[in-house]
Structures are given as structure tokens and as C-alpha cells.
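For the sequence shown, this note's numbering assigns the number 499 to the initial residue and increments by one for each residue that follows. No residue lacks a Cβ here, since even glycine has one placed at the ideal position from N, Cα and C. Beneath this line is the structure, given in C-alpha cells, with notes to follow.
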Amino acid sequence: MFNPEGEIRPMHGVGWTLLHEMMFSYIFTIGMILRVSPFIFSTVVFVSMYALGFVCPPQAAWAFVCISELNLLFVAGMVLSALYQAHRAPPLAVGVPLLLIGGAGLLGWEPFGIPFTLVREHNVGAVMVAAGALSWQMTAWPGLRRRLVALG
């Protein structure tokens with residue numbers, strides 16, 4: 499799975515996320531087959547694999563994929579999905595700053611000289627943007643939609 503540059507990417511560059519997506523689908527499906535909560539099962543498996551990477555350095559390309567912190571984004575996505583399904587998004591007063599700070603961090607902006615390295619690295623900014631957008635959609639969007647309908 500290593501390419502000539504030593505990266506774990508398929509020959510066609512846009513397909514590299516498919517490795518993680520397929521693994522998520524397999525693990526989620528195994529949870530359903532075992533008749534346990536696929537959310538909890540997947541979370542335990544992904545967090546365990548990530549933690550294992552600190553103890554056992556990977557030697558094979560497939561192991562690099564298994565311990566990747568990118569897999570934790572699936573856990574974050576499942577948490578946001580559960581919040582959405584339970585109609586429990588962060589309040590707008592929290593969501594807007596999440597959206598702005600996460601977006602600023604991803605774009606590399608450092609207001610007032612504050613480095614947003616944690617936001618930029620480890621995909622924290624992506625989760626912040628998604629949580630902020632969820633908050634906006636669930637709290638502000640219905641009112642905005644009514645106003646737009648009233649305008650015609």
C-alpha cells in the first residue's frame with residue numbers, strides 16, 4: 499500500500515480516504531452483526547486502535563491506516579449524528595464561535611497572535627466547523643427559513 503514516495507495512498511490520489519471509509523464500514527457492520535450498538539462498538543474499536551499506535555509502532559502500511567487519527571473523525575461524526583438525532587445541538591452561542599474559530603484555524607489565521615495549532619492539527623478544526631454548522635442548522639436555520647418563506 500505504500501507508493502514510491504513512501505506514503506500510504508492509492509495510485510489515484512483522490513481515493514485515499516476510501517481506505518478509512520471502507521474500514522469504518524467494516525467495523526460498523528461487524529457491530530451490527532454482533533448485535534451490539536454499532537456506535538459504541540465502532541468507537542471502542544477506533545479509539546483502541548488509535549491508542550494502540552502509541553504502544554506498538556506500526557510496521558506495515560495497513561497498520562498505519564488502522565492507527566490513523568483520521569479514523570477518530572468517524573467517532574466525532576457519530577457523536578454529532580447522535581446529537582442531531584436527539585435534537586441536542588450545541589446552542590448557537592457556542593456553535594457560532596466553534597464555526598468561526600474552527601474555520602479560522604483551518605485557514606491558518608492567527609488572530610491576536612494566538613496560534614491555533616491544536617485546531618489546525620489533529621482535525622479539531624474540522625470537528626469544530628461541523629459542530630458549529632450543526633448548531634447553526636438546528637437553531638438558527640428554522641427561523642431563517644420562515645423569514646425567507648415570508649419574503650416569498
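When the Cα atoms are used, Val573 and Gly630 turn out to be separated by approximately 17 Å.
Distance check between Leu568 and each of Trp634, Tyr548, Ala559 places Tyr548 closest, using alpha-carbon atoms only.
For the options Val563, Gly600, Leu550, the alpha carbon positioned closest to that of Val622 is the one of Gly600.
Fully enclosed alpha helix (DSSP H) runs of no fewer than 4 residues occupy 536–553 of the stretch 520–562, in order along the chain.
Of the candidates Ala602, His518, Arg586, His620, the residue whose Cα lies closest to the Cα of Ala559 is His518. Across the set Arg644, Glu608, Phe522, Met636, the C-alpha of Phe522 shows the shortest separation from the C-alpha of Leu570.
Residues of the same chain with a CB within less than 7 Å of the CB of Ala628, apart from the 5 flanking positions on each side, are Leu578 in chain order. Annotation: Leu516 to Leu598 spans about 29 Å, alpha carbon to alpha carbon. Under the DSSP assignment, Ile599 falls in the alpha helix (DSSP H) whose first and last residues are 590–605.
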